[in-house]
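Protein chains in written order, with our numbering: chain A, 1 to 200; chain B, 201 to 471; chain C, 472 to 1099. A short worksheet on the structure shown next.
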Amino acid sequence: MSDAPTQTPADGYAETPELHERIDRIGFGLVGGATVMFFLGFVFAYFYLRSLDNNSLWRPAGVEPPDGYGIAIAAALALSAAAFGYAARVAKRGESGWVAASGLALVLGLFACVAQCFEYAHIPFGPESGGYASVFFGWTALYVVVTLIALWRVETIFAVGLRHHGEVGAAVPEGFVPGATYWALLAAIGVLAWVVLYLL
Amino acid sequence: MRRIAIAWFVLSAILTPIVVAVIAPTLPPGNATEASSNQVFDDTVLLGIVTPIAVALGVYFAYTLIVFRRRDADPAEEGVATRDNPSIHLPWLVGTIVIVLFLAIFGTVELTDAGAGGGQGPSPAFKLSGNDVMPVQVIAQQWEFTYRYPTYGGVETAHLELPVGRKVELHVTSLDVIHSFWAPKLGVKADANPGVDNVAYVEPEEELSFEIHCSELCGLWHGYMFDTGQVVSGEAFAEWISEQQQVFAPATKVLPKYSTQYFPEPERRGG
Amino acid sequence: MSSEALARPLWRRLIGFNLLGGIVLGVAGFYFGWWLGHQIHAESLDFFGDTNQNDVALMLGYVFSVVGFLIGLGFARYPLARMLGKERTHTENEHGGSGRYFGLCTDHKVVGVQYLCGIGLFFFIGGLNAMLIRAELLQPSPQIFGAGNYLTLVGLHGTMMMGIMTSGVLGPFANYFVPLMIGARRMAFPRVEAITFWLLMAAGAILMTTLFFGGFPTGWTGYAPLNDQANFGFDSYIFFFALVGLSMMLLGLNMIATIITMRAPGLTWSRLPIFCWGAISTSILMVLAAPVLIAALLMVGFDRAVQTSFFLSSAGGSPYLFQNLFWFFGHPEVYVLALPGFGIILEILPVFARKPLWGYRIAVAGILGVALLSFFVWQHHLFVSGLNSSLRPFYMFSTEAISVPTGLVFLAGMATLWRAKIRYTVPMLFCLAWFFNFFIGGASGVFLSDVPSDVATHGSFFVMAHFHYTIMGGLIFAFFAAIYYWVPKMFGVMLSERLGKIHFWAMFIAFNSTFAPLFALGLMGQPRRVVTYPSHLEPLNIWVSVSAFVLGASMLVFLANVVYSLVFVRKPAPDNPWDSRSLEWQTPTPVPIENFERRPIIDTDPYDYGVPPVPLVPPGPAEAPAPG
């Protein structure tokens, strides 16, 4: 399993929480940039194919996703990001209550993914129905995948909280604020998907 | 430094005219059309710029690598610890920027001459002037080119013939995957995209036969997708096209109506 | 591994989380996914189609195969432990014997050696493909492989080289030496570092499996809609490149975070070794460009497996979408290949010129400028595609503008040689050859960026010669310079100087003799990737093929050198054989697991060579000892 940490403060290699926080901030920043570029591919596909409307098959009549699902997913994502951001702020101030808030964020995030899968079963068109349908299925499906990976991070924070539940002076998990910022960014992309795919 | 400058000056004064005047005019694709002679002219100018630069680098490296080599076996021998000389930065930057700006402006001016034979898409930015432009459609499919002459009843022929001295507007399109229509001697290259009308202009100036290649990988027999076309006199062309109209009359009747783009059924793959 | 563990019998030590377990679970995962795909296909989802090529099954097979491979290597344990709320750790399996090299190990030095061996393997497979391609082109009509297998060979060669070799410098050398250069003990994300290597190996293995599924006829660009029509084997291309993209992205992320956060005290940005600047600018491109590639490839995967129509123009999509997305990644990608070369050249040059790096600031500006501009040039790959003809002047200008920052890098390198005391070692020879090759590559790039000239040469062997001059002449020569320069530190053994020189001269001459005639072939009208060509081009093609075989033979000289020096002679390398001032050479050989006994304090940049510039005075003794 893991080796014991080898560094001792004497040789100047002590790793401070500030260093870890900084690494996390940069790491999440870069992952955020990569995520934005990834979904930018789909945003570009949406507007590009829409402007071309090849063979008049961008969006044939009847290709309308059910609005209820869209609103439910976007709302769940926004609430989840808000809950997790609240948890990070509270934890940073050293107050309690962040465990429950991050648990709520986890549940809401999972709900958004499950709702997306349910929508696929109740949608009046298939992925073969033209350009819009392609972007719709590609974007939302990959969004679910990325969200599930990101939820791992939410879950670890929640798990640390549960594990040390009731301990006095239990440490706040590392990288809480950068993680919450990334989760907010991802939720924003989810809301953007709702705006682009359902409203425009 | 002065020795380098003199060597550079002498060598490039000898080499540049040789390259520009002797080597460059022999370059493909030759002078059969306006577009291809433009391309040769571009290459000539670029070679004229690149040659002195190459000579400068060659002279500099030859000098430094010989003069500043370590001559004896003393491993501790060190070079001179100069770290920078800011007075070189500005001239160097200005020099490269001027060359780049010249290249960009020169290239743009050359490009405005009917797009230099490249495919320009459905609404060409750089049109060929004049009214008597003959449209010819190049239809690519796996793995052959066919040609439609909309002004001659939409006849579709298996080979390409063009009249000499006539301005031609090639409409390149594809029925399946992406191909690229490349006639090196005509100086024309235009990708054939399914559902896209890619326009390229050509004005043949002499009678010749030319090779046609597909220059975009298009599947198994891509290497065999080549053909030979002809540029012939106006009378010979008129004779040839009327013969083609007769031969292909039964086929022309069942062809789809002439259009700048065709959308065949999508080729879906099995899951 | 403790000594107790080492005392166990061999068969017992083979069982556990290691490469063997990874392979077993990987194969098992593949068959599970394959089975699952056929279940899905057989039952409810009829719209997936009805041919006997079940892409869903193959793709699921690959997905589960990769997951199983990673679980078998032991990558699942830590995330699962974290999900149970366990503490964060940063090291895993760092102590132990040679078993560390065959599994998950977070020691950056182990990962560097893993990368060098793994990438070397795929580099030689890719090179072998090139030999087979040139063998086929000995005659104007196909005699050996036939059209289909020939295209698969072309695709395998291009994909292997463009995919695996993106990490060719950053993987082995940056992973190994960046922490040493910046005085750090570990990378910022050690597990991420380990997973990038194993993802790359999984990708390479997946690409090789295309041979079981009929190969793919698209070349490394995989253009739509040919990729939709391509047979079964194209799915392995998708997964290969997507995994490579993921690996690249994580590698770049780790590298940036490390260089920003883990620098030793006193190592300011203006004292950072230039190689680290090469690594960081490459990493920026990797992090921002690779996700676009992954997105584009997944769209292709959707088009093939679930009948979407991203790239089918007759069903509401557009092939231009693929070309835009692919080249938006693809052009930064070629600078991902070139920029580490810049870094290596400028890093090695001062050591053997015995002079400080001249114009450090403009060199950094040049490297960053190339990285920045590379995002704004991608449509020069589409100059004849019919896309955006009114934007061509802009892309022509932006492409030519790249020669300004590249010129700064050249200036820094050339001025470093002025009044130097050049030692002609093998790494130095490769560095100097880089200038020659890259200049030819760059100058031919000026022709390609000029639209009228490009119309004549686009998609022909001219382009092929151009990018082999920049990538092989740029990256691979720098790669070998780095090998000869850093192997004494990595393996503690000197490579033979005599064999190295034979390798260099054979490779340099054969390389130029192979690729210079291709410029002429392209101008004379030979398109890329054709299995037949006009018979009047046969003499030149034979010349090129024979030169290519000599080039291949020069690689065998290199292999012979490696075997001879590392297995038979084993001449131990001193700690600092090149008398370098850079921090990585101040460590003992072999480098201890902790890298440094104490954290080094940096008070100068690593190019403290040379005597003060007093003219007409004989050179004095060496300067003060290096930092650290």
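Backbone N, C-alpha and C fix where the C-beta goes; we use that ideal spot for every residue, glycine too.
Residue-level contact to chain C via CB, residue i, 8 Å cutoff
i	result
isoleucine 378 of chain B	yes
glutamate 277 of chain B	yes
arginine 22 of chain A	yes
arginine 163 of chain A	yes
threonine 140 of chain A	no
valine 165 of chain B	Outside the displayed span of chain B (201 to 471) sits residue 165 of chain B, for which this structure offers no information.
tyrosine 69 of chain A	no
Test: residue i CB closer than 8 Å to a CB of chain A
i	result
threonine 681 of chain C	no
arginine 483 of chain C	no
alanine 454 of chain C	No answer is possible for residue 454 of chain C: the residues shown for chain C start at 472 and end at 1099.
glycine 395 of chain B	yes
phenylalanine 463 of chain B	yes
valine 777 of chain C	yes
threonine 637 of chain C	no
Boundaries of the beta strand (DSSP E) in which residue i is found, first to last residue
i	result
methionine 334 of chain B	334-341
asparagine 398 of chain B	398-402
threonine 373 of chain B	368-374
phenylalanine 426 of chain B	426-432
threonine 346 of chain B	344-349
histidine 379 of chain B	379-383
Element boundaries [alpha helix (DSSP H), containing residue i]
i	result
valine 453 of chain B	It should be noted that the sequence gives lysine, not valine, for residue 453 of chain B. It spans 449-454 - the alpha helix (DSSP H) in which lysine 453 of chain B sits, taken as one unbroken run.
valine 584 of chain C	579-607
proline 412 of chain B	What sits at residue 412 of chain B in the sequence shown is isoleucine, not proline. Careful: isoleucine 412 of chain B lies outside any alpha helix (DSSP H), inside the beta strand (DSSP E) at 408-414.
glycine 1023 of chain C	1009-1034
valine 926 of chain C	922-928
lysine 960 of chain C	948-962
threonine 822 of chain C	Per the sequence shown, the amino acid found at residue 822 of chain C is valine instead of threonine. From DSSP, the alpha helix (DSSP H) with valine 822 of chain C extends over 790-824.
threonine 753 of chain C	745-776
Supposed contact pair residue j and residue i - C-beta distance, whole angstroms, cut 8 Å
i	j	result
methionine 1026 of chain C	glycine 598 of chain C	6 Å
valine 875 of chain C	valine 300 of chain B	6 Å
lysine 892 of chain C	phenylalanine 261 of chain B	The Cβ separation is near 16 Å, so there is no contact.
leucine 670 of chain C	valine 31 of chain A	Wrong, their Cβ atoms sit about 16 Å apart, outside the cutoff.
phenylalanine 1067 of chain C	glycine 654 of chain C	6 Å
alanine 76 of chain A	alanine 101 of chain A	With 8 Å as the limit, alanine 76 of chain A and alanine 101 of chain A do not qualify as a contact, their Cβ atoms being about 15 Å apart.
aspartate 706 of chain C	aspartate 774 of chain C	Aspartate 706 of chain C to aspartate 774 of chain C, Cβ: 12 Å. No contact.
Close beta carbons around residue i, own chain, < 7 Å, minus the five adjacent residues each side
i	result
leucine 110 of chain A	Leu151
tyrosine 1004 of chain C	Pro611, Gln997, Asn1012
alanine 665 of chain C	Leu575, Cys576, Thr577, Val582
leucine 808 of chain C	Met636, Thr637, Ile942, Leu946
phenylalanine 518 of chain C	Unreliable placement is indicated for phenylalanine 518 of chain C, whose pLDDT of 44 sits below 50; the coordinate value is still reported in the next sentence. Excluding residues within five positions, the ones whose Cβ falls inside 7 Å are Gln778.
tryptophan 1043 of chain C	It should be noted that the sequence gives proline, not tryptophan, for residue 1043 of chain C. Gly963, Val964.
phenylalanine 1023 of chain C	Position check: residue 1023 of chain C holds glycine in this sequence, whereas phenylalanine was assumed. Closer than 7 Å at Cβ, skipping near neighbours: Gly598, Met602.
alanine 184 of chain A	Ala81, Gly85
glycine 1122 of chain C	As displayed, chain C neither begins before 472 nor continues past 1099, which places residue 1122 of chain C out of reach and without an answer.
Neighbourhood of residue i by C-beta distance below 8 Å, restricted to the same chain and skipping five residues each side
i	result
tryptophan 194 of chain A	Gly70, Ile71, Ile73, Ala74
threonine 732 of chain C	Ala659
serine 515 of chain C	Since pLDDT at serine 515 of chain C reaches only 42, below the 50 mark, its modelled position is unreliable, and the value read off the structure follows with that caveat. So no residue of the chain qualifies.
Residue-level contact to chain B via CB, residue i, 8 Å cutoff
i	result
serine 1016 of chain C	no
glutamate 968 of chain C	no
isoleucine 833 of chain C	yes
lysine 826 of chain C	yes
serine 515 of chain C	Note that serine 515 of chain C scores 42 on pLDDT, short of 50, meaning its location in the model is unreliable and no value can be drawn from it.
isoleucine 893 of chain C	yes
Close beta carbons around residue i, own chain, < 6 Å, minus the five adjacent residues each side
i	result
phenylalanine 799 of chain C	Val763, Trp849
histidine 852 of chain C	Trp798
glycine 716 of chain C	Ala761, Leu764, Ile765
aspartate 521 of chain C	Residue confidence for aspartate 521 of chain C is low, a pLDDT of 47 falling below 50, so the modelled location carries little weight; the figure read from the coordinates is stated next. Excluding positions up to five away in sequence, the list is empty.
Alpha helix (DSSP H) runs wholly inside the region 96-169 of chain A, at least 4 long, in chain order: The region 96-169 of chain A contains these whole alpha helix (DSSP H) runs: 98-121, 130-163.
Entirely enclosed beta strand (DSSP E) segments - the region 600-650 of chain C, minimum 3 residues: none
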